[in-house]
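Novice:
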Amino acid sequence: MKVTESIWYVGVNDHEVDLFEGQYKVPEGMAYNSYVIRDEKTAVIDTVDAAFGQQWLINVEDALQGCVPDYLIIQHMEPDHSACIPLFLKKFPGVQIVATAQALKMMDQFFSMDPAVTRIPMSNGGELDLGVHKLQFVSAPMVHWPEVMMTYETQEKVLFSADGFGKFGALDAKAEGCGKLGGADASADHSGKPDGAEEMAGDSEKSGAANQADWVQEARRYYIGIVGKYGPQVQAVLKKAAALDIRVIAPLHGPVLKENLGYYIGFYDKWSSYTPEEEGVTVAYASAYGHTKEAALYLAERLRERGTAVAMYDLARDDMTEAVADAFRYSKLVLACNTYNAGINPFMRDFVERLMERSYQKRKVGLIENGSWAPMAAKVLRGLLEKGKDLTFAENVVTLMSAMKPESQERLNALAEELAE
Ligand SMILES: Cc1cc2nc3c(=O)[nH]c(=O)nc-3n(C[C@H](O)[C@H](O)[C@H](O)COP(=O)(O)O)c2cc1C
Ligand SMILES: [Fe+2]
Ligand SMILES: [Fe+2]
């Protein structure tokens, strides 16, 4: 597959993976991208996951058309991209490896590298001349590992962006709208779209806009889940990238982006600055016997009646990584939780810890608690969230003493009113 006249896509699609990075469900599979640039000198950019080495080598050789590669550029040492370095060196023993000094060190940690292999350490601003194509390296520390660099090709103006601008999903996945991950109960709500918003059309005749919208859902879950903790580092790389004339973004996962790049960069700017994408409320609940859930559903209805977009999650049953992504998508969050052994429901604790690990901030939070003798959930949640920068709490805290009562409805109405303002 050609990216440009002299740049080939040689990646692979993984439909076997059950959990990406051992934790993310990927119902549409995963793509591990790799590229070949052919010029006077030939460079291969990154490798793929260990399970796909042979298939990748076939793709690489197809693109090489008999050329012997001069350079193997390693942008990121996470094994989904680096696992096939030894295989490649066996096939092409004369190749020189180009990577940051820290990546070269990690290479020796992961593999028994032959000391005779030539290594070219690269730092920010370093260059490599392939002939017509000239590469400039842009260090991207902690996006999301310390050794990461991106590669800018100056002739065709391609930014090879490592994991940046990546998404979950194989490139040959059958498009079925936005891959839904949640439990049956709440799935209808997961789009988080206001009533009447269009569902994506399936398959072939997708407009560019539909493809872009498709990209967002799984790119957001990928970004927030995997890179979300490192917003300031991503902001720093976006500043470096702003100085480059970029026509194509070639990431290590997901599609090569060729049009309307401002659309994708805009999302990265929002996500990495922790700015809500949209006005709306993510309602996340945890409930043993259903009373707290009833309150959460009641609140969601009152919000929808007021025209507010709502995304609803049962934290014990729906996909936690999608719930986390939607919490960052919207401007407001409601946590509805039963008190559990004088603390909070363990799924709720997990959820809030995931948010705080990713510097959850700049949002308004509403609390609904339940307890049959000494409700504690609101207090505990407040304690967990209090370090969040620019997090404000809704004035109306709703406490159920076991079950919904007429006065609970009044309190929930008031909370809905406050959040819909
Ligand atoms: C294992 C367990 C531990 C609980 N611990 C407390 C507690 O420490 N304090 C309290 O007020 N209620 C406690 N409760 C009661 C719940 O908070 C809540 O009132 C009850 O589960 C009803 O809400 P639900 O239908 O949403 O589950 C506990 C319930 C369970 C199942
Ligand atoms: Fe990675
Ligand atoms: Fe990756």
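Numbering (my numbering), first residue to last: 30 to 450.
For glycine and all other residues, C-beta sits at the position ideal for the given N, C-alpha and C.
Does R333 come out as helix, strand or coil in the three-state DSSP assignment?
Specialist: Numbered from its first residue, the sequence shown carries residue 333 at position 304. Helix at R333.
Novice: Can E107 be considered in contact with ligand 3, in the sense that its beta carbon sits closer than 8 Å to one or more heavy atoms?
Specialist: To locate residue 107, count along the sequence shown from 1; it is residue 78. Checking every heavy atom of ligand 3 against the Cβ of E107, one is found closer than 8 Å.
Novice: Pull up the distance between the alpha-carbon of T67 and that of K186, whole angstroms please.
Specialist: Walking along the sequence shown from the start, residue 67 turns up at place 38. Walking along the sequence shown from the start, residue 186 turns up at place 157. The question names Thr, yet the displayed sequence has Arg at residue 67. Looking at the two C-alpha atoms, the distance is approximately 15 Å.
Novice: I need the boundaries of the alpha helix (DSSP H) containing S111, first residue and last residue.
Specialist: The residue labelled residue 111 in the question sits at position 82 within the sequence shown. P108 to S111 is the extent of the alpha helix (DSSP H) around S111.
Novice: Does C207 pass the burial test, meaning 16 or more other C-beta atoms within 10 Å, or should it be called exposed?
Specialist: Numbered from its first residue, the sequence shown carries residue 207 at position 178. With a pLDDT of 39 at C207, under the threshold of 50, the predicted position of this residue should be treated as unreliable, and no value is reported.
Novice: Could you check if L200 belongs to the surroundings of ligand 3, using beta carbon to heavy atom distance under 8 Å?
Specialist: If you number the sequence shown from 1, residue 200 lands on position 171. It does not: the Cβ of L200 is nowhere closer than 8 Å to a heavy atom of ligand 3.
Novice: Consider the C-beta atom of L157 and the heavy atoms of ligand 1; say whether any pair is separated by less than 8 Å.
Specialist: Taking the first residue of the sequence shown as position 1, residue 157 is located at position 128. At a cut-off of 8 Å, the beta-carbon of L157 does not count as near ligand 1: no heavy atom of the ligand is closer than that.
Novice: Buried or exposed, going by whether 16 or more other CB atoms sit within 10 Å of the CB of S236?
Specialist: Locating residue 236 in the sequence shown gives position 207, counting from the first residue. Its Cβ having fewer than 16 others within 10 Å, S236 is exposed.
Novice: Within a Cβ cutoff of 8 Å, which residues of the same chain sit near A215, ignoring the five residues on either side of it in sequence?
Specialist: Counting from 1 along the sequence shown, the entry for residue 215 is found at position 186. Per-residue confidence for A215 stands at a pLDDT of 37, beneath the threshold of 50, marking its modelled position as unreliable; the derived number appears in the next sentence. So the qualifying residues of the chain are M341, Y342, D343, R346 and D347.
Novice: Cβ-heavy atom distance between I255 and ligand 2 below 8 Å?
Specialist: The count along the sequence shown starts at 1 and reaches residue 255 at position 226. Yes, Cβ of I255 sits closer than 8 Å to a heavy atom of ligand 2.
Novice: Just to confirm before moving on: does the CB-CB distance between H406 and V363 stay below 9 Å?
Specialist: As a first step, residue 406 must be located in the sequence shown, where it is residue number 377. As a first step, residue 363 must be located in the sequence shown, where it is residue number 334. Before going on, a small fix: residue 406 reads as Ala here, not His. In this structure, V363 does not lie closer than 9 Å to A406 by Cβ.
Novice: Are the CB atoms of Y100 and K119 within a distance shorter than 9 Å?
Specialist: In the sequence shown, counting from the first residue as 1, residue 119 sits at position 90. In the sequence shown, counting from the first residue as 1, residue 100 sits at position 71. Result no, Cβ atoms of K119 and Y100 do not sit closer than 9 Å.
Novice: In whole angstroms, what separates the C-alpha of N153 from that of F166?
Specialist: Working through the sequence shown from its first residue, we reach residue 153 at position 124. Working through the sequence shown from its first residue, we reach residue 166 at position 137. Going from the Cα of N153 to the Cα of F166 covers about 6 Å.
Novice: Is it the case that the Cβ atoms of F422 and L448 are separated by a distance below 9 Å?
Specialist: Counted from its first residue, the sequence shown places residue 422 at position 393. Counted from its first residue, the sequence shown places residue 448 at position 419. No, the pair does not count as a contact, with Cβ atoms beyond the cut-off.
Novice: Distance, Cα to Cα, P375 vs A315?
Specialist: What you label residue 375 is simply residue 346 of the sequence shown in a count that begins at 1. What you label residue 315 is simply residue 286 of the sequence shown in a count that begins at 1. The alpha-carbon atoms of P375 and A315 are separated by roughly 9 Å.
Novice: List the endpoints of the continuous beta strand (DSSP E) containing A43.
Specialist: To locate residue 43, count along the sequence shown from 1; it is residue 14. A small fix is needed here, since residue 43 is Asp in this sequence, not Ala. Note, D43: beta strand (DSSP E), V41 to D43.
Novice: Please give the ranges of any alpha helix (DSSP H) in the segment 34-88, keeping only runs that are unbroken, at least 4 residues long and fully inside the region.
Specialist: Runs found: none.
Novice: Please list the terminal residues of the continuous alpha helix (DSSP H) segment that includes Y293.
Specialist: Reading the sequence shown from its first residue, position 264 is the one you call residue 293. Unbroken alpha helix (DSSP H) run through Y293: L290 to S301.
Novice: Can you tell me where the alpha helix (DSSP H) with E386 in it begins and where it stops?
Specialist: Locating residue 386 in the sequence shown gives position 357, counting from the first residue. Here the alpha helix (DSSP H) through E386 covers P375 to E386.
Novice: Mark K351 as exposed unless 16 or more other C-beta atoms lie within 10 angstroms of its C-beta, in which case mark it buried.
Specialist: For the purposes of this step, residue 351 is taken as the residue at position 322 of the sequence shown. Looking at the sequence shown, residue 351 is not Lys but Glu. E351 should be labelled buried.
Novice: Just to confirm, are T76 and F139 a CB contact at a threshold of 9 Å?
Specialist: Stepping through the sequence shown from its first residue, residue 76 is reached at position 47. Stepping through the sequence shown from its first residue, residue 139 is reached at position 110. Taking 9 Å as the Cβ cut-off, T76 and F139 do not qualify as a contacting pair.
Novice: Using 8 Å as the threshold, is the segment 353-373 in touch with the segment 306-315, meaning 3 or more CB pairs across them?
Specialist: yes
Novice: Below 8 Å, can you find three or more Cβ-Cβ pairs linking the segment 293-301 to the segment 237-257?
Specialist: yes
Novice: With hydrogens ignored, establish whether the beta-carbon of G412 is closer than 8 Å to any heavy atom of ligand 1.
Specialist: The sequence position of residue 412 within the sequence shown is 383, counting from 1. No, the beta carbon of G412 sits no closer than 8 Å to any heavy atom of ligand 1.
Novice: Since A270 contacts Y64 with CB under 8 Å, what's their CB separation in whole angstroms?
Specialist: By 1-based counting over the sequence shown, the position of residue 270 is 241. By 1-based counting over the sequence shown, the position of residue 64 is 35. Actually they are not in contact, since the Cβ atoms of A270 and Y64 sit about 18 Å apart, beyond 8 Å.
Novice: So does Y252 have its beta carbon nearer than 8 Å to some heavy atom of ligand 3?
Specialist: For this step, residue 252 is matched to residue 223 along the sequence shown. No.
Novice: From the DSSP secondary-structure annotation, give me the bridge partner or partners of R148.
Specialist: Position 119 of the sequence shown, counting from 1, holds the residue named residue 148. In the DSSP output, where bridge partners are listed per residue, R148 has I126.
Novice: Looking at P150: is its Cβ nearer than 9 Å to the Cβ of A130?
Specialist: On the sequence shown, residue 150 is found 121 positions in, with the first residue counted as 1. On the sequence shown, residue 130 is found 101 positions in, with the first residue counted as 1. Closer than 9 Å, so yes.
Novice: Between which two residues does the beta strand (DSSP E) holding G120 run?
Specialist: Mapped onto the sequence shown, residue 120 falls at position 91. Gly is not the amino acid found at residue 120; the sequence shown has Lys there. Counting along the chain, K120 sits inside no beta strand (DSSP E); it lies in the alpha helix (DSSP H) bounded by residues I114 to K120.
Novice: When you compare the CB of D355 with every CB in chain B, is at least one pair closer than 9 Å?
Specialist: The chain labelled as chain B is not found in the depicted structure, where only one protein chain is given.
Novice: Do M136 and I103 have their C-beta atoms within less than 9 Å of each other?
Specialist: The residue you call residue 136 lines up with position 107 of the sequence shown. The residue you call residue 103 lines up with position 74 of the sequence shown. Yes; because the gap between Cβ atoms is below 9 Å, this pair is in contact.
Novice: Bridge partners of G395, per DSSP?
Specialist: Residue numbering aside, residue 395 sits at position 366 when the sequence shown is read from its first letter. Looking at the DSSP assignment, G395 forms a beta bridge with V363.
Novice: For the beta strand (DSSP E) holding G412, just list the boundary residues, first then last.
Specialist: Translated into positions along the sequence shown, residue 412 becomes position 383. No beta strand (DSSP E) contains G412, which is instead part of the alpha helix (DSSP H) from A406 to L414.
Novice: Go ahead and label T180 buried or exposed: buried means 16 or more other beta carbons lie within 10 angstroms of its beta carbon, across all protein chains shown.
Specialist: Locating residue 180 in the sequence shown gives position 151, where the first residue counts as 1. Label assigned to T180: buried.
Novice: Considering just the uninterrupted stretch of the beta strand (DSSP E) at Y251, what are its terminal residues?
Specialist: By one-based count along the sequence shown, residue 251 stands at place 222. For Y251, no beta strand (DSSP E) run applies; the uninterrupted alpha helix (DSSP H) run containing it begins and ends at G237 to Y251, by DSSP.
Novice: Any idea what DSSP makes of M349, helix, strand or coil?
Specialist: By one-based count along the sequence shown, residue 349 stands at place 320. M349: helix per DSSP, three-state reduction.
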